[in-house]
Ligand code: ADP
Ligand code: MG
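Residue numbers (UniProt numbering): 1 to 266.
Written out as structure tokens, the structure reads:
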């Protein structure tokens, strides 16, 4: 079993309340409410195009970077609305790390500098020794330290795909986020690398709240404490059909559409 016992009290609670989203006139999410509790891994599952990535990006205020995008509802991080007027983007982002489907380290930048690349966001200045310590800590947490400790000055682009993704996880950890958002982090990886990332997720779940989008039902079953099933039926905007503890979602879903989806029937 990869997961730690649920809810050990670390990380932060993230909550979406009646979140709706549009691109231009087109509504793509309809009143999505979901609490992602401290110390847990929440998996967002559902077919392509149902709004999982959009919801994840809204949790990090990335949605508002798309010029045609608009939004209704609230996102609370430990009870505080990250979209509250006057709240700066950097302030919200400082607490929330993000990892994408395609590993995206800065390819020409050294492994060492890649880990530190997000720090500017926090405005924190660190001495050389503190940086060394942070790089080691983040690479260790991402499960990459032993493989790269002797070649920290090599470019990030020289690593394998799975290693690059773990480097991206290390980079996201350098800001010491309270929440880590992952959008299909293993979709571009081979099974062995996928397994390594899943182990890393299991270890990180002790200290950071994790939200992961995945198409892989076995992965959702392995790494999450709770699941939310998104669906966009016949041109309607995406919405949550059902959510709950992962064993219940897989073992005894209440909605027949959830049962079909988790069984791979559509
Ligand atoms: P998922 O991650 O579940 O596959 P997305 O959140 O990416 O779904 O997309 C939800 C819907 O929003 C889709 O219909 C998609 O085409 C649309 N969409 C996503 N991003 C944009 C964008 N930048 N501009 C316009 N439409 C978008
Ligand atoms: Mg997506």
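By construction, the Cβ of each residue, glycine as well, lies at the ideal position given by its N, Cα and C atoms.
Note that this is a predicted model, so its numbers are computed, not measured.
Alpha-carbon to alpha-carbon, residue j and residue i
i	j	result
residue 13	residue 209	7 Å
residue 260	residue 57	27 Å
residue 47	residue 129	46 Å
residue 69	residue 63	7 Å
residue 97	residue 264	30 Å
residue 109	residue 137	19 Å
residue 196	residue 142	9 Å
residue 257	residue 241	8 Å
residue 43	residue 173	19 Å
residue 31	residue 239	7 Å
residue 180	residue 211	6 Å
residue 10	residue 254	30 Å
residue 245	residue 230	15 Å
residue 190	residue 214	15 Å
residue 262	residue 216	10 Å
residue 226	residue 165	24 Å
residue 127	residue 119	13 Å
residue 206	residue 39	6 Å
residue 101	residue 220	15 Å
residue 131	residue 116	8 Å
residue 187	residue 158	20 Å
residue 20	residue 149	45 Å
residue 223	residue 203	10 Å
residue 160	residue 140	17 Å
residue 7	residue 170	Low confidence applies here, because residue 7 scores a pLDDT of 48, under 50, leaving its location unreliable; read the following figure in that light. Distance between the alpha carbons of residue 7 and residue 170: 23 Å.
residue 247	residue 41	13 Å
residue 146	residue 80	38 Å
residue 27	residue 125	42 Å
residue 234	residue 29	13 Å
residue 251	residue 85	43 Å
residue 167	residue 99	10 Å
residue 1	residue 218	Note that residue 1 scores 46 on pLDDT, short of 50, meaning its location in the model is unreliable; the coordinates nonetheless yield the value given after this. So the alpha carbons of these two residues sit roughly 12 Å apart.
residue 236	residue 103	32 Å
residue 199	residue 49	28 Å
residue 194	residue 184	11 Å
residue 88	residue 178	17 Å
Residues bridged to residue i (per DSSP)
i	result
residue 181	98, 211
residue 29	21, 238
residue 251	The partner list for residue 251 (beta bridge, DSSP) is empty, contrary to what the question assumes.
residue 89	Looking at the DSSP assignment, residue 89 forms no beta bridge with any residue, so it has no partner.
residue 14	36, 77
Cβ distance (whole Å) where residue i is taken to contact residue j below 8 Å
i	j	result
residue 122	residue 201	That pair is no contact at about 23 Å.
residue 23	residue 66	7 Å
residue 61	residue 93	7 Å
residue 163	residue 134	No, residue 163 and residue 134 are not in contact; Cβ-Cβ is about 19 Å, not under 8 Å.
residue 77	residue 243	Not a contact, Cβ separation roughly 19 Å.
Taking only runs of the alpha helix (DSSP H) that begin and end inside the stretch 31-80, which ones reach a length of at least 4 residues, in chain order?
-> 52-58
Inside the stretch 107-175 only - beta strand (DSSP E) runs reaching at least 3 residues | none
Residue ranges of each alpha helix (DSSP H) within the stretch 200-247, 4 or longer | 217-223
Three or more C-beta pairs below 8 Å linking the stretch 100-120 and the stretch 147-156 | yes
Taking one C-beta from the stretch 49-56 and one from the stretch 70-78 each time, how about it: are there three or more such pairs within less than 8 Å?
-> no
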